[in-house]
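Chains as they are written, first to last, in the working numbering: chain A, 1 to 757; chain B, 758 to 922; chain C, 923 to 1214.
Just so it is clear, CB atoms sit at the ideal spot from N, CA and C, and this is done for glycine as well.
The next block holds one structure in the form of structure tokens; read it before the comments.
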Amino acid sequence: MNNSNIVGTSVPRLEGRDKISGQARYVDDMELPDMMYGATVRSKFPRGKIKRINFGSDIHWQEFVIVGPSDIPGKNCIALIDDDQPCLADGVVNHPEEPLLLLAHPDRHLLPKAVEAISVEYDSLPAIHKIEESETLAQVIWGADNTFKTYLIEKGDVDAVWQTADYIVEGEYTTGAQEQLYIENNGMIAQFDAEKGITVWGSLQCPYYIHKALMKLCGLPADKVRVVQMETGGAFGGKEEYPSMIAAHAALLAMKSGKPVKIIYDRMEDMAATTKRHPSRTRHRTAVNKDGRILGGEIEFTIDGGAYKTLSPVVLSRGAIHAGGAYYWPNVRIRAKAVATNMPPHGAFRGFGAPQSLFALERHMDRIAEVVGISAVEIRRRNFLKTGQTTTTEQVIREEINLDKLLDRALELSGYHVKREKFAAENRHNRGRKGIGIAAFLHGAGFTGSGERHLGSAVAIEGRADGRVRILVSSTEFGQGTKTVLCQIVAETLGLRYEDVEIAQADTQEVPNSGPTVASRTVMVVGKLVQSAASGIRETLKASGKIGDSYSAEDFRKACRAQVQEHGKFLSVAKYEQPDEVVWDEEKYRGSAYAAFAWAVYVAEVTVDPVTYGVSVDDFVALQEVGKVLHPALAEGQIIGGVVQGIGFALYEKVVWKSGRMQNGQMTNYIIPTSADLPSIRVHFEELGSVHGAYGAKGIGELPMDGPAPAVVNAIVDAVGVPFNSVPLMPEDIFDSLQQRAALGSSQLASLAREKQ
Amino acid sequence: MSESAPRSARYEVSFTVNGQATTSQVYAMERLLDVLRHELSLTGTKEGCGEGECGSCSVLMDGTLVNSCLIPVLQANGASIVTIEGLTAKSEAQELQQAFLECGAAQCGICTPGMILAAFHLLSKRPQPSVEDIRERLAGNLCRCTGYMQIVEAVARVARCGAAR
Amino acid sequence: MRAQPAEYELVVPGSLPAVLALLAESPGQWLPIAGGTDVMVQYSAGNLAARKLVSIWNLPELRRIDNLADEIQIGAGCTYTDIRESEVINREFALLSTAAGWTGGIANQNRGTIGGNIVNGSPAADSLPALLVYEAELLLVSKRGERRVPYSSFHTDYRKTQLAPDELIRTICLKKRFSEYYAHTRKVGARNAQAISKVCLAALGRLSNSVIEDVVLAMASVAPVPLRLRKTELVLRGKRIDRPLTNLARTTASAEVQPIDDIRSTARYRAAVAGNLVAEFLEQLRANEKAK
């Protein structure tokens, strides 16, 4: 029965052939008979009351299907955590690009002009665009106080430690918005039939989120809404919640026109109107003893949620829980809040709050080191969490993680100490200033706290008439290898060949709700369920005597065929049960936040060019402990891809805003790294295993997003001796800081300080 | 239809796509990308940006790599176009495609057809590219998933195998 | 894609005389489009004002490189790839072939043309500083005849040129008189490839016994037009390169440029980097002489 060389091997990507031959079908590749095209009329203003909508005179409006708020059969909202986000703004606008009306026409080329021909008269209201503006409450744009959500995490007695501290170190750190920039724009096709209801096909991560949203919007029962995922060209969280909006729009047009409607955004619209990573501000105040040990601290973590609540509470949660990072805090108070501004709502993007709070923490650790007078390496060693200690939420670290050793290995792989000495010497003489920086961090896999229990994910495995088995999950493939890894798990569990396992298209008509494909939960949580369901298939066949304890793949196939022939439908279901040790107090925000943490130490080497103030990343080591690597090539690909997005977050990707509108919404002006901009990213894994994940796997999809920005900025600070506490950090920012320093006459001090080290 | 704007005539545009002669009645300023995808149902070529930055729309036109989103179809009159479907059908890029599979060079796959066209073109002009050459000559094809390393590895692998022969 | 193809006309006359006849018949009515790497981006964004276009892509009269005794003549219809691959340009006018390799990715280099780059008139274009330092001359052609103009005065203002409504650029002429010069160019962009420049320097220098006999400096993205840094050149000519001179050149150049704040960068950054680029050039010029 045993081919134990499927899990742990780089089997061919299941849908790989289609992708390399151009056969893979993305939503814009599909056409339905009689299909129309849809477009969205959007607000050009950040905030105001709509006085009048004018339809320009040189469009033949009678040819167009026009949908407004009054056409919504159910509730005018995109149901998510709250129902506060309208599907179409009704009388009031709260952010630029807010959808107002929808148009459809058989000729897609006529739509842009029609959209431009609609003009809106507003009574504009003062708009707010920054966290600080929201906090003043000069304008209250949401709820009573512009606050979507707050969390308070308290451990020990922080108020008592200030007196005993040898040092109190403060710092404020900020991160900007970041655009997911999946290369395939958002798109949906919707079709309505009075009998079958609504069907949508699209580029998406979470079919059941859309299903829930459409039920409420259209006033339809569950069996009259069907959501089908097409091949999805990148997502990274950008297609977690946003697709519900575009699906809603396509559905409304389909309902009104009686025809299938396709909406595909072009790049400008996608960039300007859809979600981005939440901008953040973190304030640290830390009590430290003379050895550099953290005695306690206060952390204030604030994110800008944009105009509606959407997923901000959850982003906030993860950011707050990760704010203490991989260190032991005997006492801590973390105050977290998500505030409203008149910006298009910010949303999910790989890392989901953790890259923001971990950037702040890892910069702050270097700052503490500087104040105390010890190295960046030592400050981390002296504060790392150890097995048996508790996190900021008082979760006991039970696994045998040794961060000290992980750090040692990362330092060795990167040649850290040798390089540091070399750079110190070279920087005295050379033009280019070199630096090396560290980030040490963790990332919790799965939904926070009781989140997985609330999700109640279910999976099914079907035994087929031809003897193969088929996985039924709502987990989606969008490049990260969902299909491949889940099939590996099942093949391994059942002793089948990888080729004998199929996975159904994510179609809510066919598959149970195994939860959204987010939070690095797919391999760990869903994979474990799939493993369990597969065991169920095997046990059924054993119980009926069709196979014994030991069997060949061929035996299994015969048995399966027979079972189906005798009994018809052959299904094994597995449902999530929260492990006993994962206990979480939602009120106090305390306990086991995650079933498993992955741990990492990243080291970045940079050169700062004295002529251009530009930064090149010359070497990057990404070392992480991830439980078990189920597919080496996929895992490596996830880490490299995530690291490059993290480097983009640090150095390249700046959203230029003007009154809440993105000004650089083209690929020419929103800069991501090309192949010519990057060094080799050196990826290494350690594997401790985890009882909670399939074959010991932990989630890894988001982990690589957390480390690069602080590692790179720490390296830049090492190189030029000037503190930088914000990303993105552009050459213009480096120049401005160096100018200020020079003006203050402290450049001499800085270079002296470098020499001392 | 707007009455005030002049409507231009459709042209008969003839070119060869993947070895097959084809004639379409199209507006002169339709983008080659749209004609390939909608008139000819060759949906392997993708639109990622519409501004010639991402390279997902790359095709070969008379043997040269171009961004089809920037080509008015009338300028392709008489040309010979090769898309990902053509490369696949003729097994011309088989080694490259296999290397992409083995190295993990395709994740979500949306940049992959353009990337393969660009890599194919690169190897045809430079059978022995250095890693630096590969990185430079693929810089016009953006990928958000892979971070490029496994793509570069796939191309380098094919180049090495070519050298060995 | 925000344009409506049915609203646009494109004609392909197929020969230079036919194109010129059309332009003469209706001057200013037909927008010439060569490779389309600028025009089609505007078109796709719904920002192309022109509704009638005439294709000048791949006209044999425009897409040729002639190596004459005292100058080379580059047809305006030559693509960046044509320029990159030209042996004579690489040998004699390396700053131009280097710049051609910086302009977009390979696919755009295969279609973008030097003539299009000039007429588009973006002050950020990478090739234009090279043309300035090489003191290019342009052959402009129309049905009325031909005229030869110095490139240095061709750009009159932001995206405006001396080109008459019935004219095309036929040829870019570069005199072969720079073999004794040390050539240097550097582009500063947001990333290493496919970037619109924030600042770009093209420079030529000739030293004799460490004294600057001649120096020619031009920059992109620091003024409404590609800019020749004549004030900075004046400060340098006839002087010996030393630290004080380099610093003087740095500050003169920083003051001579007229950059703006825009979506890509800031004026103060551009001014500082412009100065740094000139200083870097001087250091390399001196090092190059020492090495000889």
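Item to check | Distance, LEU1060 of chain C Cα to ARG888 of chain C Cα | outcome: Past the edges of chain C, shown from 923 to 1214, lies residue 888 of chain C, and the structure says nothing about it.
Next on the checklist: How far does the alpha helix (DSSP H) with LYS216 of chain A in it extend, from its first residue to its last?
Outcome noted: 207-218 is the span of the alpha helix (DSSP H), which, as asked, contains LYS216 of chain A.
Checklist entry - Rounded to whole angstroms, how far is the Cβ of VAL339 of chain A from the Cβ of ILE131 of chain A, which I believe are closer than 8 angstroms? => result Indeed they touch by this definition, with Cβ atoms about 6 angstroms apart.
Checklist entry - Are any of the Cβ atoms in chain C nearer than 8 angstroms to that of GLY755 of chain B? => result With chain B covering 758 to 922 only, the question about residue 755 of chain B has no answer from this structure.
Next on the checklist: Contact criterion: CB-CB distance below 8 angstroms. Does ARG901 of chain B meet it with respect to chain A?
Outcome noted: It does: the Cβ of ARG901 of chain B has a partner Cβ on chain A nearer than 8 angstroms.
Item to check | Sequence ranges, alpha helix (DSSP H) only - wholly within the region 967-1036 of chain C, length at least 4 | outcome: Runs of the alpha helix (DSSP H) inside the region 967-1036 of chain C: 1002-1006, 1009-1014, 1016-1024 and 1028-1031.
Checklist entry - Excluding five sequence neighbours on each side, which residues of the same chain lie with their C-beta closer than 7 angstroms to the C-beta of ILE1163 of chain C? => result Take ILE1163 of chain C, set aside five residues on each side of it, and the residues of its chain with a beta-carbon closer than 7 angstroms to its own are SER1132, ILE1134, LEU1204, LEU1207 and ARG1208, in chain order.
Next on the checklist: Taking the beta carbon of ILE1182 of chain C as the centre, do at least 16 other beta carbons fall within 10 Å, making it buried, or is it exposed?
Outcome noted: With fewer than 16 Cβ atoms within 10 Å of its Cβ, ILE1182 of chain C is classed as exposed.
Checklist entry - Thinking C-beta only, is ILE640 of chain A closer than 8 angstroms to LEU899 of chain B? => result No. Outside cutoff.
Next on the checklist: Can you tell me where the alpha helix (DSSP H) holding GLY187 of chain A begins and where it ends?
Outcome noted: No alpha helix (DSSP H) holds GLY187 of chain A; the beta strand (DSSP E) holding it covers 187-193.
Checklist entry - What do you reckon, are the CB atoms on LEU102 of chain A and THR40 of chain A nearer than 8 angstroms? => result A contact, by the Cβ cut-off of 8 angstroms.
Next on the checklist: So for CYS811 of chain B, helix, strand or coil by DSSP?
Outcome noted: Assignment of CYS811 of chain B by DSSP, reduced to helix, strand and coil, places it in the coil class.
Next on the checklist: Can you find the residues in the same chain that come closer than 7 angstroms, C-beta to C-beta, to LYS579 of chain A, ignoring five residues on each side of it along the sequence?
Outcome noted: Contrary to the premise, residue 579 of chain A reads as Pro rather than Lys in this sequence. Its chain contains ALA595 and HIS692 as the residues whose beta carbon lies nearer than 7 angstroms to that of PRO579 of chain A, once the 5 sequence neighbours on both sides are disregarded; these appear in chain order.
Next on the checklist: Using a Cβ-Cβ cutoff of 7 angstroms, what residues of the region 654-668 of chain A are near chain C? List them in chain order.
Outcome noted: Of all residues in the region 654-668 of chain A, the ones placed with a Cβ closer than 7 angstroms to any Cβ belonging to chain C are VAL656, GLN663, ASN664 and THR668, in chain order.
Next on the checklist: So the candidates are A:PHE724, A:MET268, A:ALA247 and A:VAL606; which of them puts its Cα closest to the Cα of LEU678 of chain A?
Outcome noted: Answer by Cα proximity: A:VAL606.
Next on the checklist: Contact criterion: CB-CB distance below 8 angstroms. Does ILE671 of chain A meet it with respect to chain C?
Outcome noted: Yes, contact with chain C.
Next on the checklist: Looking at the secondary structure, which residues open and close the alpha helix (DSSP H) in which LYS575 of chain A lies?
Outcome noted: No alpha helix (DSSP H) holds LYS575 of chain A; the beta strand (DSSP E) holding it covers 570-575.
Item to check | Listed by chain order, chain B residues near GLN789 of chain A by CB distance under 9 angstroms | outcome: With chain A running from 1 to 757 in the structure shown, residue 789 of chain A is simply not present.
Checklist entry - By a C-beta neighbour count over all protein chains shown, 10 Å radius and 16 as the cutoff for buried, is MET758 of chain B buried or exposed? => result Any reading at MET758 of chain B is ruled out, since the residue's pLDDT is 42, under 50, leaving its predicted position unreliable.
Checklist entry - Quick one, are the C-beta atoms of PRO355 of chain A and GLY306 of chain A less than 8 angstroms apart? => result With respect to GLY306 of chain A, PRO355 of chain A sits apart: the two C-beta atoms are not nearer than 8 angstroms.
Checklist entry - For GLU586 of chain A, which beta-bridge partners are listed by DSSP? => result According to DSSP, GLU586 of chain A bridges with nothing at all.
Item to check | Terminal residues of the beta strand (DSSP E) in which SER881 of chain B lies | outcome: It is not in any beta strand (DSSP E) - SER881 of chain B instead sits in the alpha helix (DSSP H) that spans 869-882.
Next on the checklist: Taking contact to mean 3 or more Cβ pairs, one atom from each stretch, closer than 8 angstroms, check whether the region 25-34 of chain A and the region 798-806 of chain B are in contact.
Outcome noted: Result yes; three or more Cβ-Cβ pairs closer than 8 angstroms.
Item to check | Straight-line Cα distance separating GLN139 of chain A from LYS256 of chain A | outcome: Cα-Cα distance, rounded: 38 angstroms.
Item to check | Alpha-carbon spacing of THR1001 of chain C relative to ASP1184 of chain C, whole angstroms | outcome: Their Cα atoms are separated by approximately 29 angstroms.
Checklist entry - Does ALA320 of chain A come within less than 8 angstroms of chain B when only Cβ atoms are used? => result By this cut-off, ALA320 of chain A is not an interface position.
Checklist entry - Which class does MET271 of chain A belong to by DSSP, given the choice of helix, strand or coil? => result Here MET271 of chain A sits in helix by DSSP.
Checklist entry - In whole angstroms, what separates the C-alpha of SER592 of chain A from that of MET215 of chain A? => result Cα to Cα, the separation comes out at about 34 angstroms.
Item to check | Residues of the region 881-915 of chain B with Cβ closer than 8 angstroms to any Cβ of chain A, in chain order | outcome: Going along the region 881-915 of chain B in chain order, one finds ILE891, ARG892, GLU893, LEU895, ALA896, GLY897, ASN898, LEU899, CYS900, ARG901, CYS902, THR903, GLY904, TYR905, MET906, GLN907, ILE908 and VAL909 with a Cβ nearer than 8 angstroms to chain A.
Checklist entry - Any idea which residues DSSP pairs PRO916 of chain C with across the strands? => result Outside the shown range of chain C, which is 923 to 1214, sits residue 916 of chain C, and nothing can be said about it.
Checklist entry - So is GLN757 of chain A buried or exposed if we call it buried at 16+ other beta carbons inside 10 Å? => result Any reading at GLN757 of chain A must be qualified, since the residue scores a pLDDT of 41, below 50, and its modelled position is unreliable; the value itself is stated next. GLN757 of chain A should be labelled exposed.
Next on the checklist: Taking 8 angstroms as the threshold (C-beta atoms), are VAL774 of chain B and VAL830 of chain B in contact?
Outcome noted: No, the pair does not count as a contact, with Cβ atoms beyond the cut-off.
Checklist entry - Cβ of GLY999 of chain C less than 8 angstroms from any chain A Cβ? => result At a cut-off of 8 angstroms between beta carbons, GLY999 of chain C makes no contact with chain A.
Next on the checklist: Count Cβ pairs between the region 171-178 of chain A and the region 275-284 of chain A that sit closer than 8 angstroms; are there 3 or more?
Outcome noted: Two segments are said to touch when three or more pairs of C-beta atoms, one from each, lie closer than 8 angstroms; by this definition the region 171-178 of chain A touches the region 275-284 of chain A.
Item to check | Proximal residues of chain C, C-beta to C-beta of PRO112 of chain A below 9 angstroms | outcome: Neighbours of PRO112 of chain A on chain C, chain order: MET923, ARG924, ALA925, GLN926 and GLY968.
Next on the checklist: So with CB distances below 8 angstroms, who are the chain A contacts of GLU808 of chain B?
Outcome noted: ARG267, GLN666, MET667 and THR668, listed in chain order.
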